[in-house]
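Following: one structure in structure tokens, then a few remarks.
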Amino acid sequence: MTRRLNLFLFMCAAMVASSQTADAQQPGPSSLRDRTGPNSEMALPDYSEPREATLPAPPAPLPPPVSGTALFSAVEIEDAASLSAPTRPNWQPQVSEDSDIALSRTDALDADWIREQFRRNGMIDQPVPLDRLVSLIQLINRAFIANGYINSGVLLAGQPPQDGGTLSLRLIAGRAVGADGEASVSVGWGAAGPLGLSETYIKQRMTAADDVPLNAIAIERQFRQLTEDPAIATVNADLQPGGRPGEARLSLIVDPAPRYDLYLTAANNRSPSIGGERFAAGGAMRNAFRAGDLLSAEAGITGGRGDALASYEIPVFDPATSLLLRGGYNDAAVVDPQLRPLGIEARDWHIEGGVSRTVFQRPLLPGRNPGKWQAARTVTLGLRVTHRKSRTYLLGEPFSFSPGSVNGRTEFTALRLTADWIERGIGTVFALSLTGTQGLDGTRSDIPGLLSPDRDFRSIRAQASLARRLGDKGLELRARLGGQWADGILYSAERFSAGGAQSVRGYRETLLLADTGISGSLELAQSFSLTGKSGAFDIGRFTLSAFVDGALLHNREGPQPVPNELYSIGASLAWNPSSAISARVSYGHALKDVQRVGSKDLQDHGVHFSIVLRPLEL
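In terms of our numbering, the sequence shown opens at residue 27 and continues consecutively.
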């Protein structure tokens, strides 16, 4: 009996400890969520949507020449030092359609290369028909256009000589000007105004507009990246010919993303031992203190006890680097009738700070074949430092339950290296997240027989998610795989968990905790509408899915989780009438029997639910 009670207390304490790290599930911003520990979750991004990019039209071809011939012994190019345009790696020179004129490959389009084309095509020191001369100039200009320099090229400066003199050409280096004729790009705002954004924020992300020569390929790339910026709802570009040769007027009209977000949630995504159901309210504010920042907060209540999360993310140094500060507090207590008289309580707080940098970014781009698109890809690396402290109580007095606890107190500091790889196509989304954790300092248990993590513990957490559209009828395949490796015993807040709506459905939340583990899910989903509507609001819009979940866990030392594996099958129904309302209910049938601890809960029957309401979007 005593052994069973001790096991009961240990499992309840583990549930309390795991509840301390349970982050805000969707719809909270990703900056609120932990990357490690029980209930850590990586949200899968949405599919990319193709957007048209308005680019300046290529210059009109030269007018047909008058008949006659030219004779010149040299080629002189005005403003020769003003332009050196790198070519694309896969560029192949065109051949004139109506003559044998051909261009040579080069790494840069410049004055020397232009002169070489006249020599290569035998136009020096011999009579040249004017139509052949103009054909070569047109072919040179097409080379500029093919490499993205749509308003750069060469022009005849005066009449071609007929007496063996010098052929004068003018080399034009294209550039962009704003509506005022000076700035490289002018920025305007939609009907709602800037909403805290600034012209500087936009221009820092359109640096290709400052390049001379102007490259339309680089402009399109940055324009598409701008359309995917979460701080921007829509952006429209208007590019028109300028007042002088080589000029293009570039204007942007930007509609910022809504500045405020507010949501209310209800879900049974907490351990039943501390209440099971969590009710929360959260919100976010963009551009709170500086253009591009995001301030987020969430407060919830479970079993009559509160919790709170907050985060602040801001671009620093340049658009590719951001600073993240986040923290949270949780107060939990065992409310199960069998253990409530023991007064088991836990309080936890944590803070974290770090920087991340996008080392590679490619927006959704048109493919080589019509109608095909190249998936957007982002690679981000980061460094974070986290500090966590928790206290546990029994009958109102400090009491040690979890690994590393000293007189009811557990405290540790850790360094995290992070990496994220995200690909977003119009039919496939893939996300991979890696987190390496190095413990720096922490408490060690002072009770004989209670496990103690090493202060310099190490772990690696990996999560991968995939979504793929199977045709155009709403059928979708979803897959998720996550795992963790540790070199020894971990603190409860760093352990891998199994069971619950975000892990193995059909079992209660954080049913099992271990140092090392792997879990996965495979789901087939079908979206449909009972009304046949396709607008922003459709009361009959649903998604029905069938899934298979599983997990396998192992402790490096000490007692092993019992059982050490979970697996289930089930179905889920989601209702998404609009972006303002969503609800989901899932039923998972447990295929592995487990010994239930405490009173039976809805989760023990395999039922999980969540409801989200966004009042500002109604």
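For glycine and all other residues, C-beta sits at the position ideal for the given N, C-alpha and C. Everything numeric in this text was worked out from a predicted model, so none of it was measured.
Segment limits, alpha helix (DSSP H) that includes Ser161: 156 to 172
When Ala540, His580, Tyr593, Asn602 are compared against Ser560, the one with the closest alpha-carbon: Asn602
Simplified DSSP assignment, three categories, for Ala106: helix
Whether Gly526 touches Tyr517 by CB criterion (8 Å): no
contact_flag[the region 137 to 145, the region 227 to 234] where n(CB pairs < 8 Å) is 3 or more: no
Where Leu642 sits in the DSSP three-state scheme: helix
C-alpha gap between Ile486 and Asp255, whole angstroms: 30 Å
Residues bridged to Val101 [DSSP beta-bridge criterion]: Leu193
Backbone CA spacing between Trp447 and Gly632 [nearest angstrom]: 33 Å
Where Asp236 sits in the DSSP three-state scheme: helix
Cβ-Cβ distance between Gly329 and Ala372 below 8 Å: no
Outcome for Tyr286 when other beta-carbon atoms lying within 10 angstroms are tallied against a minimum of 16: exposed
Three-state secondary structure assigned by DSSP to Gly632: coil
Euclidean distance between Cα positions of Ile607 and Ile637: 8 Å
Buried versus exposed, by CB contacts within 10 Å (16 or more), Ala512: buried
Helix, strand or coil at Ser178 according to DSSP, with G and I counted as helix: coil
The alpha helix (DSSP H) enclosing Gln143, as first and last residue numbers: 137 to 146
Residue environment, Val530, which counts as buried when at least 16 other CB atoms sit within 10 Å: buried
Where the alpha helix (DSSP H) containing Thr542 begins and where it ends: Element bounds for Thr542: not the alpha helix (DSSP H) but the beta strand (DSSP E), 542 to 555.
Under the three-state DSSP convention, the category Tyr73 falls into: coil
Own chain residues within Cβ distance below 7 Å of Leu550, not counting five before or after: Leu503, Ser571, Ala572
Ala293 beta carbon less than 8 Å from that of Phe568: no
Given 8 Å, three or more beta-carbon pairs between the region 407 to 423 and the region 365 to 381: yes
Option in Asn581, Gln118, Gly566 with minimal Cα separation from Leu599: Gly566
CA nearest to the CA of Ala524, picked from Gly514, Thr536, Ile515: Thr536
Beta-bridge pairing of Ala577 - partner residues as DSSP gives them: Ser545, Leu592
Given 8 Å, three or more beta-carbon pairs between the region 126 to 134 and the region 157 to 168: yes
Touch test, the region 371 to 387 against the region 340 to 357, Cβ-Cβ under 8 Å, three pairs minimum: yes
Rounded C-alpha distance that separates Gly272 from Phe249: 20 Å
Host beta strand (DSSP E) of Gln489 (start-end): 484 to 495
Distance between beta carbons of Phe98 and Leu193, contact taken as under 8 Å: 4 Å
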